[in-house]
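Participant: Below you'll find the structure I mean.
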Amino acid sequence: MSDIAEKSKYALPAGLPWLLLSWYDRNARPLPWRRDRDPYHVWISEVMLQQTGVEAVKKYYGRFLEAFPTVGALANAEEQALLKLWEGLGYYTRAKNLQKAARLIVREYGGRFPGSYEAIAALPGIGPYTAGAIASICFNLPTPAVDGNVIRVITRIAGISDTVTEAMKKRIADALREIFPPERRGDFTQSLMELGAVVCVPNGPPKCDICPAKALCRAKKDGTAPSLPVKAPKADKRRESHTVFILTCENKLALRRRGGGGLLAGLWELPNVAGRLSDTDAVATAAGWGVEPAALIKSAERRHVFTHVRWDMTCYHIRCRKQAPDFVWATPDELQKAYPLPTAFKKCLDAADLSAS
Ligand code: SF4
26 MSDIAEKSKY ALPAGLPWLL LSWYDRNARP LPWRRDRDPY HVWISEVMLQ QTGVEAVKKY
86 YGRFLEAFPT VGALANAEEQ ALLKLWEGLG YYTRAKNLQK AARLIVREYG GRFPGSYEAI
146 AALPGIGPYT AGAIASICFN LPTPAVDGNV IRVITRIAGI SDTVTEAMKK RIADALREIF
206 PPERRGDFTQ SLMELGAVVC VPNGPPKCDI CPAKALCRAK KDGTAPSLPV KAPKADKRRE
266 SHTVFILTCE NKLALRRRGG GGLLAGLWEL PNVAGRLSDT DAVATAAGWG VEPAALIKSA
326 ERRHVFTHVR WDMTCYHIRC RKQAPDFVWA TPDELQKAYP LPTAFKKCLD AADLSAS
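Numbering (my numbering), first residue to last: 26 to 382.
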């Protein structure tokens, strides 16, 4: 297809921004990160929202800003305190990258958030979507933020049946750039996100009856909305088996810190080994760590799915006689307050009856 034909396939109706903006003015949800356009606030919220729903993020967002109210406070935070606040949100690299970026902002920009798309996009952990969102919402720049919600809205409005790829996202960004309303670029970006979140929804049928774009929408006219966008088939996740140990001794639980590289690096974990061990082998492994197993109380199977890998976990709760020095031994209260434990291990912990230990 020629460039001109390709461009016209992605062309968006010139009247779209004003339809969406007048709808957004009346219907935008009063979310905490929309109270102002402080780039620090928008940045934190966008990073949290990358893998987590709005309701959960509301709680984390408030707590996070209370603990780290400025870029400087985040730059100076203890890593363990930061990870503890992030506990349950998952994808901990996001939190570590936030701190790396905060330190860079302090070092290179005197703590003031940079105001150009290029400088924002160069910060650790910030991709084109987040950079586009911050630059348009906070600095009114013509920088589209093309995420799953926006792809769904635009492919339906324009009737685009190309498979979603990076090149296709770029074409959508180019098409949006053509119609950005100069005075309200940030609001237009937010109106697209909002429409995708509450009207042209990801799960279930689109709510075309209440959609401000219904008169312009190609997919509504053609009845093709349910089949758009066309997604590339997902690669199968790698599967791994692990045996996870809940070792308890005198109301304390054995923890250890994960090594510096790879999945969940730097976080705390329950002791574990690769593969699925039998009861007997699990007790023998625990004995090898010097904890002097007294009783195997309970075992359970749990599963946790990460972005690229699925863990099938066999969890053994073993009561021990000795607090071996290779582990940190924490009370439930200490665990709650000081040790960020990834959700995968919490699932194992939930399977154990700690009152029996
Ligand atoms: S009219 Fe329907 S399909 Fe089209 S954008 Fe609105 S909700 Fe989505």
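All C-beta atoms in this analysis are idealised placements derived from N, C-alpha and C, irrespective of residue type, glycine included.
Closer than 6 Å between the C-beta and any heavy atom of the ligand SF4: which residues qualify, listed along the chain?
Facilitator: Residues flagged by the Cβ proximity filter: V178, R181, I182, V224, C225, P231, K232, C233, C236, A238, K239, C242, A244, K245 and A250.
Participant: If you check the beta carbons only, do A238 and A244 fall under 8 Å apart?
Facilitator: Taking the sequence shown and counting its residues from 1, the one referred to as residue 238 is at position 213. Taking the sequence shown and counting its residues from 1, the one referred to as residue 244 is at position 219. No, these two residues do not count as a Cβ contact at 8 Å.
Participant: Terminal residues of the continuous beta strand (DSSP E) containing K277?
Facilitator: For the purposes of this step, residue 277 is taken as the residue at position 252 of the sequence shown. Unbroken beta strand (DSSP E) run through K277: K277 to R282.
Participant: Excluding five sequence neighbours on each side, which residues of the same chain lie with their C-beta closer than 6 Å to the C-beta of A198?
Facilitator: Within the sequence shown, numbered from 1, the residue matching residue 198 stands at position 173. P169 and V171.
Participant: Kindly indicate which residue of T95, A319 and V175 has the alpha-carbon position closest to the one of V193.
Facilitator: Looking up residue 193 in the sequence shown gives position 168. For the record, residue 193 in the displayed sequence is Met; it is not Val. That would be V175, whose Cα lies nearest to the Cα of M193.
Participant: If contact is defined by three or more beta carbon pairs under 8 Å, each pair taking one atom from either stretch, is the segment 208–216 in contact with the segment 157–166?
Facilitator: Judged by Cβ distances under 8 Å, the segment 157–166 makes contact with the segment 208–216, as three or more pairs qualify.
Participant: Go ahead and label E219 buried or exposed: buried means 16 or more other beta carbons lie within 10 angstroms of its beta carbon, across all protein chains shown.
Facilitator: As a position in the sequence shown, residue 219 is number 194, starting the count at 1. Buried, by the Cβ-count rule.
Participant: Is C373 near V316, with beta carbons less than 8 Å apart?
Facilitator: One-based indexing of the sequence shown puts residue 373 at position 348. One-based indexing of the sequence shown puts residue 316 at position 291. In this structure, V316 does not lie closer than 8 Å to C373 by Cβ.
Participant: Count the other C-beta atoms from every protein chain shown that fall within 10 angstroms of the C-beta of A307, then say buried if there are 16 or more, exposed otherwise.
Facilitator: Here residue 307 corresponds to residue number 282 of the sequence shown, with the count starting at 1. Under this definition A307 is a buried residue.
Participant: Would you decide whether H333 is buried or exposed? Buried here means 16 or more other CB atoms lie within 10 Å of its CB.
Facilitator: Against the sequence shown, residue 333 aligns to sequence position 308. H333 should be labelled exposed.
Participant: Taking 6 Å as the limit between beta carbons, can you name the residues of its chain near A257, skipping five residues before and five after?
Facilitator: Translated into the one-based positions of the sequence shown, residue 257 becomes position 232. So the list reads T188, once near-sequence residues are dropped.
Participant: Does DSSP put I179 in a helix, a strand or coil?
Facilitator: For the purposes of this step, residue 179 is taken as the residue at position 154 of the sequence shown. Three-state result, I179: helix.
Participant: Cutting at 8 Å between CB atoms, please list the residues of its own chain near L90, excluding the five before and the five after it.
Facilitator: Reading the sequence shown from its first residue, position 65 is the one you call residue 90. Correct list, in chain order: H66 and I69.
Participant: DSSP state of A53, grouped into three classes?
Facilitator: On the sequence shown, position 28 is the one that residue 53 refers to. Here A53 sits in coil by DSSP.
Participant: Rank I322, C236, G229 and S141 by C-alpha distance to the C-alpha of I182 and give the top, closest one.
Facilitator: By 1-based counting over the sequence shown, the position of residue 182 is 157. Among I322, C236, G229 and S141, the Cα nearest to that of I182 is on C236.
Participant: Using the DSSP secondary-structure output, state which residues sit across from E294 in a beta bridge.
Facilitator: Here residue 294 refers to the residue found at position 269 when the sequence shown is read from its first residue. The partner list for E294 (beta bridge, DSSP) reads R281.
Participant: Could you name the residues of the same chain whose beta carbon sits closer than 7 Å to that of R202, not counting the 5 residues immediately before and after it, in chain order?
Facilitator: For the purposes of this step, residue 202 is taken as residue 177 along the sequence shown, with counting starting at 1. The residues are P167 and P169.
Participant: Going by alpha carbons, who is nearest to P153 out of Q361, D304, K195 and V226?
Facilitator: For the purposes of this step, residue 153 is taken as the residue at position 128 of the sequence shown. Measuring from the Cα of P153, the nearest candidate turns out to be K195.
Participant: Can you grab the Cα-Cα spacing for the pair A200 / G229, in whole Å?
Facilitator: To locate residue 200, count along the sequence shown from 1; it is residue 175. To locate residue 229, count along the sequence shown from 1; it is residue 204. Rounded to the nearest angstrom, the two C-alpha atoms are 27 Å apart.
Participant: What's the gap between the Cα of K371 and the Cα of H329?
Facilitator: As a working note, residue 371 is residue 346 in the sequence shown. As a working note, residue 329 is residue 304 in the sequence shown. Taking the straight line from one Cα to the other gives about 10 Å.
Participant: If you run the structure through DSSP and keep just helix, strand and coil, what is W354?
Facilitator: Translated into the one-based positions of the sequence shown, residue 354 becomes position 329. Of the three classes helix, strand and coil, the one that applies to W354 here is strand, per DSSP.
Participant: Could you check which residue in L45, G115 and P94 has the C-alpha nearest to that of G78?
Facilitator: Taking the first residue of the sequence shown as position 1, residue 78 is located at position 53. It is G115.
Participant: Between the Cα of G173 and the Cα atoms of Q76, W58 and W48, which residue gives the shortest distance?
Facilitator: The residue you call residue 173 lines up with position 148 of the sequence shown. Residue Q76 is the option with its Cα nearest to G173.
Participant: In the DSSP output, what is A299 paired with across the bridge?
Facilitator: To locate residue 299, count along the sequence shown from 1; it is residue 274. Per DSSP, H267.
Participant: Compare the C-alpha of R346 against each of A312, C340, A377 and V353 and name the closest.
Facilitator: Here the question's residue 346 lines up with position 321 in the sequence shown. Here the closest residue by C-alpha is A312.
Participant: Taking Cβ to Cβ, would you say T305 is nearer than 8 Å to P254?
Facilitator: For the purposes of this step, residue 305 is taken as the residue at position 280 of the sequence shown. For the purposes of this step, residue 254 is taken as the residue at position 229 of the sequence shown. No. Outside cutoff.
Participant: Is it the case that the Cβ atoms of P365 and W293 are separated by a distance below 8 Å?
Facilitator: Here residue 365 refers to the residue found at position 340 when the sequence shown is read from its first residue. Here residue 293 refers to the residue found at position 268 when the sequence shown is read from its first residue. Yes, these two residues count as a Cβ contact at 8 Å.
Participant: Find out if the Cβ-Cβ distance for the pair K109, A363 is shorter than 8 Å.
Facilitator: Numbered from its first residue, the sequence shown carries residue 109 at position 84. Numbered from its first residue, the sequence shown carries residue 363 at position 338. Closer than 8 Å, so yes.
Participant: Looking at the unbroken alpha helix (DSSP H) that takes in A240, where does it start and where does it end?
Facilitator: By one-based count along the sequence shown, residue 240 stands at place 215. Premise fails: A240 is in no alpha helix (DSSP H) and is neither H nor E.
Participant: Run through the DSSP bridge pairs and tell me what P318 is partnered with.
Facilitator: Residue 318 sits at position 293 when you count from the first residue of the sequence shown. Paired residues: C345.
Participant: Do you know whose CA, among W314, R335 and F138, lies nearest K262's CA?
Facilitator: Translated into the one-based positions of the sequence shown, residue 262 becomes position 237. Among W314, R335 and F138, the Cα nearest to that of K262 belongs to R335.
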